[in-house]
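Numbering (the numbering used here), first residue to last: 22 to 173.
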(Lines of atoms letter the chains of each structure in order from A; the text may use other names.)
(Lines give C-alpha, C1' and ligand atoms only; values in the text may rest on other atoms or scores of the structure.)
Protein backbone atom coordinates (compact mmCIF):
# COMPACT_ATOMS: atom_id res chain seq x y z
CA UNK A 22 0.00 0.00 0.00
CA UNK A 23 1.38 3.40 -1.00
CA UNK A 24 -0.06 6.81 -0.21
CA UNK A 25 0.40 8.93 -3.32
CA UNK A 26 -0.84 12.53 -3.35
CA UNK A 27 -3.06 11.81 -0.36
CA UNK A 28 -4.69 8.70 -1.83
CA UNK A 29 -3.92 5.15 -0.74
CA UNK A 30 -3.08 2.77 -3.58
CA UNK A 31 -2.67 -0.98 -3.54
CA UNK A 32 0.22 -1.67 -5.88
CA UNK A 33 1.03 -5.00 -7.46
CA UNK A 34 4.72 -4.22 -7.85
CA UNK A 35 7.45 -6.19 -6.15
CA UNK A 36 8.91 -4.25 -3.16
CA UNK A 37 12.22 -3.91 -5.04
CA UNK A 38 10.55 -2.11 -7.95
CA UNK A 39 11.64 1.51 -8.40
CA UNK A 40 8.98 3.99 -7.37
CA UNK A 41 9.28 5.71 -10.76
CA UNK A 42 8.04 2.58 -12.52
CA UNK A 43 5.05 2.25 -10.17
CA UNK A 44 4.11 5.92 -10.58
CA UNK A 45 4.35 5.94 -14.36
CA UNK A 46 3.27 2.44 -15.35
CA UNK A 47 0.89 1.30 -12.64
CA UNK A 48 -0.65 4.61 -11.50
CA UNK A 49 -0.34 6.59 -14.75
CA UNK A 50 1.31 9.53 -12.96
CA UNK A 51 3.76 10.57 -15.66
CA UNK A 52 5.01 13.89 -14.27
CA UNK A 53 8.16 12.32 -12.85
CA UNK A 54 10.31 11.65 -15.90
CA UNK A 55 12.76 8.84 -16.59
CA UNK A 56 16.15 10.30 -17.30
CA UNK A 57 19.49 8.82 -16.42
CA UNK A 58 18.18 5.96 -14.27
CA UNK A 59 21.11 6.53 -11.92
CA UNK A 60 19.86 9.31 -9.64
CA UNK A 61 22.04 11.93 -11.28
CA UNK A 62 19.64 14.06 -13.33
CA UNK A 63 16.66 14.70 -11.04
CA UNK A 64 14.01 14.41 -13.77
CA UNK A 65 12.25 11.81 -11.61
CA UNK A 66 12.24 13.85 -8.38
CA UNK A 67 9.26 13.31 -6.07
CA UNK A 68 8.73 14.01 -2.39
CA UNK A 69 8.74 11.08 0.03
CA UNK A 70 7.83 12.16 3.52
CA UNK A 71 8.34 15.75 2.36
CA UNK A 72 11.92 15.13 1.20
CA UNK A 73 12.99 15.19 -2.44
CA UNK A 74 14.15 11.79 -3.71
CA UNK A 75 15.04 10.30 -7.06
CA UNK A 76 12.16 7.94 -7.85
CA UNK A 77 14.37 5.94 -10.22
CA UNK A 78 16.51 4.78 -7.29
CA UNK A 79 13.89 4.68 -4.52
CA UNK A 80 12.17 1.32 -4.25
CA UNK A 81 8.61 0.70 -3.14
CA UNK A 82 10.01 -0.95 0.01
CA UNK A 83 12.09 2.14 0.83
CA UNK A 84 9.00 4.34 0.69
CA UNK A 85 7.28 2.28 3.36
CA UNK A 86 4.50 4.18 5.10
CA UNK A 87 5.75 7.64 4.15
CA UNK A 88 3.49 9.70 1.88
CA UNK A 89 4.60 10.41 -1.68
CA UNK A 90 3.88 13.70 -3.45
CA UNK A 91 4.34 14.04 -7.19
CA UNK A 92 4.11 17.07 -9.43
CA UNK A 93 0.49 16.08 -10.09
CA UNK A 94 -0.27 16.21 -6.36
CA UNK A 95 1.43 19.55 -5.92
CA UNK A 96 -0.32 21.14 -8.88
CA UNK A 97 -3.45 22.20 -6.99
CA UNK A 98 -1.60 23.88 -4.12
CA UNK A 99 -1.12 27.67 -3.95
CA UNK A 100 2.66 27.32 -3.49
CA UNK A 101 2.83 25.37 -6.75
CA UNK A 102 0.92 28.11 -8.54
CA UNK A 103 3.45 30.70 -7.34
CA UNK A 104 6.39 28.54 -8.40
CA UNK A 105 4.84 27.78 -11.77
CA UNK A 106 4.14 31.46 -12.44
CA UNK A 107 7.66 32.43 -11.40
CA UNK A 108 9.16 29.80 -13.73
CA UNK A 109 7.06 31.17 -16.58
CA UNK A 110 7.96 34.78 -15.88
CA UNK A 111 11.68 34.01 -15.56
CA UNK A 112 11.75 31.78 -18.65
CA UNK A 113 13.25 29.13 -16.41
CA UNK A 114 12.87 26.30 -18.89
CA UNK A 115 13.31 25.58 -22.54
CA UNK A 116 12.55 21.97 -23.39
CA UNK A 117 10.73 21.46 -20.05
CA UNK A 118 11.91 17.90 -19.43
CA UNK A 119 13.60 18.78 -16.13
CA UNK A 120 10.87 21.19 -15.03
CA UNK A 121 8.66 18.80 -13.01
CA UNK A 122 11.65 17.55 -11.01
CA UNK A 123 12.93 21.09 -10.51
CA UNK A 124 9.51 22.32 -9.34
CA UNK A 125 9.16 19.43 -6.90
CA UNK A 126 12.63 20.12 -5.47
CA UNK A 127 11.87 23.86 -5.26
CA UNK A 128 8.60 23.11 -3.44
CA UNK A 129 10.51 21.15 -0.80
CA UNK A 130 13.10 23.91 -0.49
CA UNK A 131 10.54 26.69 -0.03
CA UNK A 132 8.65 24.64 2.57
CA UNK A 133 11.82 24.42 4.65
CA UNK A 134 13.30 27.80 3.80
CA UNK A 135 10.81 30.39 2.53
CA UNK A 136 13.59 32.89 1.73
CA UNK A 137 16.62 30.98 0.40
CA UNK A 138 19.72 32.73 -0.84
CA UNK A 139 21.06 32.02 -4.33
CA UNK A 140 23.72 29.62 -2.94
CA UNK A 141 21.04 27.80 -0.91
CA UNK A 142 18.90 27.46 -4.04
CA UNK A 143 21.81 26.09 -6.05
CA UNK A 144 22.64 23.65 -3.26
CA UNK A 145 19.04 22.42 -3.03
CA UNK A 146 18.95 21.85 -6.79
CA UNK A 147 22.33 20.10 -7.08
CA UNK A 148 20.62 16.78 -7.82
CA UNK A 149 18.68 18.24 -10.75
CA UNK A 150 20.20 18.78 -14.17
CA UNK A 151 18.85 21.15 -16.81
CA UNK A 152 20.30 20.06 -20.10
CA UNK A 153 19.27 23.38 -21.64
CA UNK A 154 21.41 25.27 -19.11
CA UNK A 155 18.80 27.65 -17.70
CA UNK A 156 20.25 27.53 -14.18
CA UNK A 157 20.47 31.30 -13.68
CA UNK A 158 16.86 31.71 -14.74
CA UNK A 159 15.82 28.86 -12.45
CA UNK A 160 17.52 30.58 -9.49
CA UNK A 161 15.74 33.84 -10.42
CA UNK A 162 12.44 31.98 -10.62
CA UNK A 163 12.91 30.52 -7.14
CA UNK A 164 13.79 33.94 -5.77
CA UNK A 165 10.68 35.38 -7.44
CA UNK A 166 8.48 32.62 -6.01
CA UNK A 167 9.93 33.27 -2.55
CA UNK A 168 9.32 36.99 -2.94
CA UNK A 169 5.72 36.45 -4.05
CA UNK A 170 5.03 34.07 -1.16
CA UNK A 171 6.35 36.59 1.36
CA UNK A 172 3.99 39.22 -0.07
CA UNK A 173 0.99 36.86 -0.07
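Heads up, the beta-carbon is just placed ideally off N, CA and C, and yes, glycines get one too.
Other residues of its chain near residue i: CB distance less than 6 angstroms, five sequence neighbours each side excluded
{"i": "residue 164", "result": "none"}
{"i": "residue 69", "result": "84, 87 and 89"}
{"i": "residue 45", "result": "51"}
{"i": "residue 142", "result": "160 and 163"}
{"i": "residue 62", "result": "56 and 150"}
Three-way DSSP call (helix, strand, coil) for residue i in this model
{"i": "residue 78", "result": "coil"}
{"i": "residue 25", "result": "strand"}
{"i": "residue 9", "result": "The chain is shown only over 22 to 173; residue 9 falls outside these bounds and no answer can be derived."}
{"i": "residue 147", "result": "coil"}
{"i": "residue 69", "result": "strand"}
{"i": "residue 39", "result": "strand"}
Whole-Å CB distance - residue i paired with residue j, under 8 angstroms assumed
{"i": "residue 91", "j": "residue 50", "result": "5 angstroms"}
{"i": "residue 121", "j": "residue 58", "result": "Between residue 58 and residue 121 the Cβ distance is about 16 angstroms, and since that is not below 8 angstroms, they are no contact."}
{"i": "residue 145", "j": "residue 111", "result": "Contact flag wrong, Cβ pair sits at about 16 angstroms."}
Cβ-based neighbour list, residue i, same chain, cut-off 7 angstroms, excluding 5 preceding and 5 following
{"i": "residue 115", "result": "153 and 155"}
{"i": "residue 26", "result": "90, 91, 93 and 94"}
Euclidean distance between Cα positions of residue i and residue j
{"i": "residue 36", "j": "residue 81", "result": "5 angstroms"}
{"i": "residue 38", "j": "residue 83", "result": "10 angstroms"}
{"i": "residue 126", "j": "residue 66", "result": "7 angstroms"}
{"i": "residue 60", "j": "residue 72", "result": "15 angstroms"}
{"i": "residue 75", "j": "residue 130", "result": "15 angstroms"}
{"i": "residue 40", "j": "residue 117", "result": "22 angstroms"}
{"i": "residue 139", "j": "residue 128", "result": "15 angstroms"}
{"i": "residue 106", "j": "residue 30", "result": "31 angstroms"}
{"i": "residue 137", "j": "residue 97", "result": "23 angstroms"}
{"i": "residue 133", "j": "residue 147", "result": "16 angstroms"}
{"i": "residue 108", "j": "residue 102", "result": "10 angstroms"}
Cβ-based neighbour list, residue i, same chain, cut-off 8 angstroms, excluding 5 preceding and 5 following
{"i": "residue 43", "result": "23, 32, 34 and 81"}
7 angstroms Cβ cutoff met for residue i and residue j
{"i": "residue 64", "j": "residue 104", "result": "no"}
{"i": "residue 123", "j": "residue 157", "result": "no"}
{"i": "residue 119", "j": "residue 77", "result": "no"}
{"i": "residue 159", "j": "residue 100", "result": "no"}
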